[in-house]
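A short worksheet on the structure shown next.
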Amino acid sequence: MNLRLASSWTNQTIGLCVSTAIATILLSIAPPAHARIVRTAETAQKIYTELPEIPLENQYFNQKLKKVDPNNTLINRILRYHAFTKGRPADVRLDWKLTLADYLGANDIMDPATYPSHDVLSKNPMDDDRAAVNTLTRSMRDQLIDRLIQFTQKP
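Take the sequence shown: its letters are residues 18 to 172, numbered as in this note's numbering.
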């Protein structure tokens, strides 16, 4: 009888350990749900409609498409950097300020090897994107953050 209980307990423990390990692996692969921004191209277009003075920075040749990709814009890359590279939540103003501070060289060091579109464009746009963000006034950056929060809110 004791042997059966021990065997049953061992099987349950092993099953629980395997389930926990699988859940841990899956959670470490995917960015947190609050950090995901869907439809970055659509969100970027809405922002450009409201803030047309923000530079497009979409002149780069896409090696996969074999042409310039007009939808691969500065705002699109900022959205992807914020959510996917840094894993920051889309609904927190401070996190957007930290992202823009990265671009201004005042926070985290940006890695060219992980910058959005570095692997599909003929030239890594990171330095030009940082220069473009540096041309924005403080007021323009605040307006941009307002729109980023507004258009990335879940319905």
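Glycine is no exception: its CB is placed at the ideal position from the N, C-alpha and C atoms. All values derive from a computational prediction rather than experimental measurement.
query	result
Measuring CB to CB, does Thr-116 end up less than 9 Å from His-99?	yes
Check Leu-115 in the structure and name its three-state DSSP category.	helix
Which of the three DSSP states is assigned to Lys-81 in this structure?	coil
Pick out whichever of Gln-170, Thr-169, Thr-152 has its Cα sitting closest to the Cα of Glu-70.	Thr-152
Identify every run of the alpha helix (DSSP H) within the region 128-156, keeping only runs that are complete inside it and at least 4 residues long; order them along the chain.	143-152
Assess contact between the region 86-106 and the region 134-150, defined as three or more Cβ pairs (one per stretch) separated by less than 8 Å. Is contact present?	yes
Look at the Cβ atom of Tyr-120, then the Cβ atom of Val-150, and state whether they are nearer than 9 Å.	yes
Using the beta-carbon count (16 or more within 10 Å), is Leu-74 buried or exposed?	Here the sequence assigns Glu to residue 74, which means Leu is not the residue at that position. Buried is the call here.
How many angstroms separate the CA atom of Asp-112 from the CA atom of Thr-66?	23 Å
Can you tell me the Cα-Cα spacing of Gln-156 and Lys-114, whole angstroms?	Per the sequence shown, the amino acid found at residue 156 is Ser instead of Gln. Between Ser-156 and Lys-114, the C-alpha separation is close to 13 Å.
Throw me the rounded Cβ distance for the Asp-108 and Ile-64 pair, which I believe falls under 8 Å.	Incorrect: roughly 16 Å between the Cβ atoms, too far for contact.
When the Cα atoms are used, what is the spatial distance from Ala-130 to Met-143?	10 Å
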